[in-house]
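Enquirer:
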Amino acid sequence: MYFYIILEKRRVKKMIWFEMKKIFLKRVNQVVLLVLLAIVLVGSFLTIRDVKCYREDGTMISGLSAARQLRKEKNKWQGRLTEEVIQQAVAENQAVNASAESEELMLAGRQNLEDIRELVNMGFSKIGEYDYYVCDQIAVDQAADLYEKRLSNLKEEIIGTEQQEKIVFSQKEKEFLIRQYENLKTPLFYEYMEGWKALLDSQYLPTLMIITIVIIGFLISGIFSDEFQLKADSIFFSTKLGRNRAVGAKIKAGFLAITAVYWSVMLLFSAIVLGVLGFGGAGCMIQTGGNWYSMYNITYFQDWLLTMCGGYVANLFILMLAMLISAKTRSTVVAITIPFALSCAPMFLGRVSMLTELMNLFPDMLLRISKFLDVFLVCEIGGKVFGLYLVLIPVYLLLTLMLTPLLYFGYRKSEVK
Amino acid sequence: MELNITNLTKEFAGMQAVNHLNITMGSGVYGLLGVNGAGKTTLMRMLCTLLHPTSGEITCDGKEIFAMDGEYRKLLGYLPQDFGFYPEFTVENYLHYIATIKGLRPVVAQKRVKEMIGAVGLKKAAHKKMKKLSGGMKRRAGIAQAMLNDPKILILDEPTAGLDPNERIRFRNLISELAEERLVLLSTHIVSDVEYIANEILLMRDGKLVHRGTAKELIDSMQQQVWKCYINKNEVGHLLKKYKISNMKSDAQGVEVRIISEEKPIPNAVLEEANLEDVFLYYFGEKAGEENDMV
Numbered sequence: 000m001y002f003y004i005i006l007e008k009r010r011v012k013k014m015i016w017f018e019m020k021k022i023f024l025k026r027v028n029q030v031v032l033l034v035l036l037a038i039v040l041v042g043s044f045l046t047i048r049d050v051k052c053y054r055e056d057g058t059m060i061s062g063l064s065a066a067r068q069l070r071k072e073k074n075k076w077q078g079r080l081t082e083e084v085i086q087q088a089v090a091e092n093q094a095v096n097a098s099a100e101s102e103e104l105m106l107a108g109r110q111n112l113e114d115i116r117e118l119v120n121m122g123f124s125k126i127g128e129y130d131y132y133v134c135d136q137i138a139v140d141q142a143a144d145l146y147e148k149r150l151s152n153l154k155e156e157i158i159g160t161e162q163q164e165k166i167v168f169s170q171k172e173k174e175f176l177i178r179q180y181e182n183l184k185t186p187l188f189y190e191y192m193e194g195w196k197a198l199l200d201s202q203y204l205p206t207l208m209i210i211t212i213v214i215i216g217f218l219i220s221g222i223f224s225d226e227f228q229l230k231a232d233s234i235f236f237s238t239k240l241g242r243n244r245a246v247g248a249k250i251k252a253g254f255l256a257i258t259a260v261y262w263s264v265m266l267l268f269s270a271i272v273l274g275v276l277g278f279g280g281a282g283c284m285i286q287t288g289g290n291w292y293s294m295y296n297i298t299y300f301q302d303w304l305l306t307m308c309g310g311y312v313a314n315l316f317i318l319m320l321a322m323l324i325s326a327k328t329r330s331t332v333v334a335i336t337i338p339f340a341l342s343c344a345p346m347f348l349g350r351v352s353m354l355t356e357l358m359n360l361f362p363d364m365l366l367r368i369s370k371f372l373d374v375f376l377v378c379e380i381g382g383k384v385f386g387l388y389l390v391l392i393p394v395y396l397l398l399t400l401m402l403t404p405l406l407y408f409g410y411r412k413s414e415v416k
Numbered sequence: 000m001e002l003n004i005t006n007l008t009k010e011f012a013g014m015q016a017v018n019h020l021n022i023t024m025g026s027g028v029y030g031l032l033g034v035n036g037a038g039k040t041t042l043m044r045m046l047c048t049l050l051h052p053t054s055g056e057i058t059c060d061g062k063e064i065f066a067m068d069g070e071y072r073k074l075l076g077y078l079p080q081d082f083g084f085y086p087e088f089t090v091e092n093y094l095h096y097i098a099t100i101k102g103l104r105p106v107v108a109q110k111r112v113k114e115m116i117g118a119v120g121l122k123k124a125a126h127k128k129m130k131k132l133s134g135g136m137k138r139r140a141g142i143a144q145a146m147l148n149d150p151k152i153l154i155l156d157e158p159t160a161g162l163d164p165n166e167r168i169r170f171r172n173l174i175s176e177l178a179e180e181r182l183v184l185l186s187t188h189i190v191s192d193v194e195y196i197a198n199e200i201l202l203m204r205d206g207k208l209v210h211r212g213t214a215k216e217l218i219d220s221m222q223q224q225v226w227k228c229y230i231n232k233n234e235v236g237h238l239l240k241k242y243k244i245s246n247m248k249s250d251a252q253g254v255e256v257r258i259i260s261e262e263k264p265i266p267n268a269v270l271e272e273a274n275l276e277d278v279f280l281y282y283f284g285e286k287a288g289e290e291n292d293m294v
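Residue numbers (numbering that gives the first Met the number 0), protein chains in the order written: chain A, 0 to 416; chain B, 0 to 294.
#1: Between which residues of its own chain and residue 220(A) is the CB-CB distance below 7 Å, once the five residues before and five after are set aside?
#2: Between which two residues does the alpha helix (DSSP H) carrying residue 179(A) extend?
#3: Report the start-end ranges of each alpha helix (DSSP H) in the stretch 197-227 of chain A that is 4 residues or longer and not cut off at the edges.
#4: Could you give the distance in angstroms between the alpha-carbon of residue 164(A) and the alpha-carbon of residue 229(A)?
#5: My understanding is that residue 46(A) touches residue 201(A), with C-beta atoms under 8 Å, so please give their C-beta distance in whole angstroms.
#6: Can you give me, in chain order, the residues of the stretch 6-19 of chain A that have a beta carbon less than 8 Å from any beta carbon in chain B?
#7: Between residue 279(A) and residue 181(A), how many whole angstroms is the CB-CB distance? I'm expecting something under 8 Å.
#8: Going by beta carbon distance, what residues of the same chain come within less than 6 Å of residue 275(B), once the five residues before and after it are set aside?
#9: Is there contact here, the stretch 82-90 of chain A with the stretch 38-53 of chain A, by at least three beta-carbon pairs under 8 Å?
#10: Using a C-beta cutoff of 8 Å, does residue 144(B) count as contacting chain A?
#11: So if I threshold CB-CB distances at 9 Å, which residues from the stretch 392-403 of chain A count as touching chain B?
#12: Taking the C-alpha atoms as reference points, what is the distance between residue 208(B) and residue 102(B)?
#13: Are the CB atoms of residue 249(A) and residue 223(A) within a distance shorter than 8 Å?
#14: Which chain B residues are close to residue 222(A), counting only those with a beta carbon under 8 Å from its beta carbon?
#15: Count the other C-beta atoms from every protein chain shown that fall within 10 angstroms of the C-beta of residue 261(B), then say buried if there are 16 or more, exposed otherwise.
#16: Between 303(A), 149(A), 337(A) and 367(A), which has its C-alpha nearest residue 346(A)'s C-alpha?
#17: Taking all protein chains shown into account, do 16 or more other C-beta atoms lie within 10 angstroms of the C-beta of residue 138(A), making it buried, or fewer, making it exposed?
#18: Just how far apart, CA to CA, sit residue 51(B) and residue 63(B)?
#19: Helix, strand or coil, according to DSSP, for residue 19(B) in the structure here?
#20: Can you pull the chain B neighbours of residue 414(A), defined as C-beta to C-beta under 7 Å?
#21: On the premise that residue 188(B) lies in contact with residue 35(B), defined as a C-beta separation below 8 Å, what is that separation, rounded to the nearest angstrom?
#22: Give me the chain B residues within the contact set of residue 24(A), using Cβ-Cβ distance strictly less than 7 Å, ordered along the chain.
#23: Could you give the distance in angstroms between the alpha-carbon of residue 112(A) and the alpha-carbon of residue 349(A)?
#24: What's the C-alpha gap between residue 104(B) and residue 177(B)?
#25: By the DSSP assignment, the beta strand (DSSP E) with residue 3(B) in it spans what residues?
#26: Where are the alpha helix (DSSP H) runs, 4 residues long or more, that stay fully inside the stretch 298-362 of chain A, in chain order?
#27: Spell out whether any CB of chain A is found under 8 Å from the CB atom of residue 279(B).
#28: Ends of the beta strand (DSSP E) at residue 59(A)?
#29: So, residue 392(A) versus residue 310(A), is the Cβ gap smaller than 8 Å?
#30: At 7 Å on the CB atoms, spell out the chain B contacts of residue 37(A), in chain order.
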């Protein structure tokens, strides 16, 4: 019995290996993988290049040298951002403004406290009316109210006014948001975090996720339909394991290909960006960066995990669906359009106000988690309120699991006409 | 090993591709002859569990083949008419893959792949990609995959289609060698293919079995005789309309024609010994001559 199980496992592994060979030996797939690698490298370069800072003489530098200088300068403020520290930063900001001989020198002089300056700007601007100069004008004493202001802004401007931004929250949702805000542990810890900000708060990551899913779509769309396209279906389905384990091996190969390519791309991109810009700041709350009003009380590292796992679930769901379509329609071309349609179309359809709420439930939202963490997307299930992503991830994971037997039983019953 | 086909029917959009067919087959080589659209491929696909019958059943040693599932397919070797493969695989890789999905144990698969590559004469091409093989070599790879599991039932659908005469002869010999102690069902519309190797020939038309027997029995079953005569070229049209012509050969003097007819078609006609091609024309003549340009 034990021998039989070992033998079966080896057999299935071998089948998966052959299925992987079918995918990766295809010339078109090799080309799209090379294109994807090039995109990752170019994307990493552009992300790194976006980190800029001024030298003491007011000239601008970017990339690795900028990151080195910023790390050195910003880590002067490393530690808890207490009321005193915030006041000190505001005072220093205003002192630099007053003493600088040129705008470049002013920007160079205060770039070490730019993140804290940004917190004050966001905290004391009206929501939706961001004012870049608030920190330059605010009274130093007033800056101490930064954390209270965050909560009061939520109560007064976001959930208090029903007309505002057409956002209407139920009582339970309001309580949830207030509770989340109150749960944020202050004073926030601060240190240099340009690497994480560049990685998660820029447009490059969601774009790369969309490109990745479309390219993986190319790879896996033929797993099922190619048997028909190549007319290899007759032999495949007339073999002993052709209607059971061989079908399972196809699904597993698809799953492995999605997993391997997705995580390779994401880990490579993250490793290059963080390797160059630095891993520092992983423990900082995302509110310390550009997500001041986020209801998610998570660190940048947790943000990365959430973003990556969400993206992975979206990849699994959308690409499993593409495989199902490939098996049902027997057309690789039709299957290839699925990842493209599901990752891009909802973005545009979501701009139609009637469809916005519906589009928020589409799986493409999981490809852009880091960009939506400061948006108040909540949903109520069974009287409990959750952040949208904490619902979407398990729901799409469950849907993916439900697609698997549909794919298996649908394909194994295929007839060769 | 006995395959029993009982009242088998397959309909496609109201058209009966196989129509209440009843056949019993044991070990031996069976040649399935019929014009295009006779239902040969549909029958073979049902025998390979690729298509479900609309009604009727197929049993293997008394067990329904669809219920047997993998246990039945374990006995099966199939070479389809359109032999599809994975173009980027080498011959060896391809055969290893098929051996795996046929459920062969790795050690057995290793041995059988090597044996079959040798048996079909593809040793030199074993590491060539499938897409680089010639038509004949692809067919040989096809027969090799069908034979990997040493099948008790071997189903070959138009195995010699598209092959040059040398390849066809080689292929026929190969099938003859492999045919021992198994059931081989060979479909073709090239009469000479089955004439040499089939123990029994099944004639199919419009989804039905119209006749079965050995080549001699089928020839004897003809109700008409075969005549050979020389005619002028201008008489050909008239004869074509009136008789079934199984062969024509032109030369400077006129045309030598082979006519199937109950009575002497023209005074100088000479009685000839019938062959299987004449039988084919006798049973399928109308379709072969008028619609499908067969024979």
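Beta carbons are placed, not taken as given, at the ideal position from N, Cα and C, and that holds for glycine.
Just so you know, these numbers come straight off a predicted model, no measurement behind them.
Expert: On the basis of the data shown:
#1: Scanning its chain for C-beta atoms nearer than 7 Å, with the 5 sequence neighbours on each side dropped, one finds around residue 220(A) the residues 321, 325, 331, 334 and 335, in chain order.
#2: Run containing residue 179(A): 170-182, per the alpha helix (DSSP H) assignment.
#3: Within the stretch 197-227 of chain A, the complete alpha helix (DSSP H) segments of 4 residues or longer fall at 203-219, listed in chain order.
#4: Residue confidence for residue 164(A) is low, a pLDDT of 48 falling below 50, so the modelled location carries little weight and cannot support an answer.
#5: Their Cβ separation, rounded to whole angstroms, is 6 Å, which keeps residue 46(A) and residue 201(A) in contact under 8 Å.
#6: Correct list: 6, 9, 10, 13, 14 and 17.
#7: Under the criterion of beta carbons closer than 8 Å, residue 279(A) and residue 181(A) do not qualify as touching, at roughly 28 Å.
#8: In the same chain as residue 275(B), and ignoring 5 residues on each side of it, the C-beta atoms closer than 6 Å to its own belong to 190, 194 and 214, in chain order.
#9: In the pairwise beta carbon analysis, the stretch 82-90 of chain A is classified as not touching the stretch 38-53 of chain A: fewer than three pairs are separated by under 8 Å.
#10: Yes - at least one Cβ of chain A is within 8 Å of the one on residue 144(B).
#11: Result list empty, no residue passes.
#12: Taking the CA atoms as reference points, residue 208(B) sits about 34 Å from residue 102(B).
#13: Cβ distance < 8 Å, so residue 223(A) and residue 249(A) count as in contact.
#14: Within 8 Å of the CB of residue 222(A), no CB atom of chain B is found; the nearest one sits about 12 Å away.
#15: Residue 261(B) sits exposed, since fewer than 16 C-beta atoms from the chains shown fall within 10 Å of its C-beta.
#16: The shortest C-alpha to C-alpha distance from residue 346(A) to any of 303(A), 149(A), 337(A) and 367(A) is the one to 367(A).
#17: Looking at its Cβ environment, which holds fewer than 16 other Cβ atoms inside 10 Å, residue 138(A) is exposed.
#18: Cα to Cα, the separation comes out at about 12 Å.
#19: Of the three classes helix, strand and coil, the one that applies to residue 19(B) here is strand, per DSSP.
#20: Against chain B, a Cβ distance below 7 Å from residue 414(A) picks out 49, 50 and 51.
#21: Rounded, the Cβ-Cβ distance is 7 Å, consistent with contact.
#22: Going along chain B in sequence order, the residues near residue 24(A) (Cβ under 7 Å) are 87.
#23: Going by the C-alpha atoms only, they are around 37 Å apart.
#24: C-alpha separation (whole angstroms): 22 Å.
#25: Counting along the chain, the beta strand (DSSP E) containing residue 3(B) begins and ends at 2-11.
#26: Within the stretch 298-362 of chain A, the complete alpha helix (DSSP H) runs of at least 4 residues fall at 299-328, 331-348 and 355-358.
#27: Judged by the 8 Å Cβ criterion, residue 279(B) is not in contact with chain A.
#28: Looking at the DSSP string, the run of the beta strand (DSSP E) that includes residue 59(A) is 59-61.
#29: No. Outside cutoff.
#30: Residues of chain B with a Cβ closer than 7 Å to the Cβ of residue 37(A) do not exist; the shortest Cβ-Cβ separation is about 23 Å.
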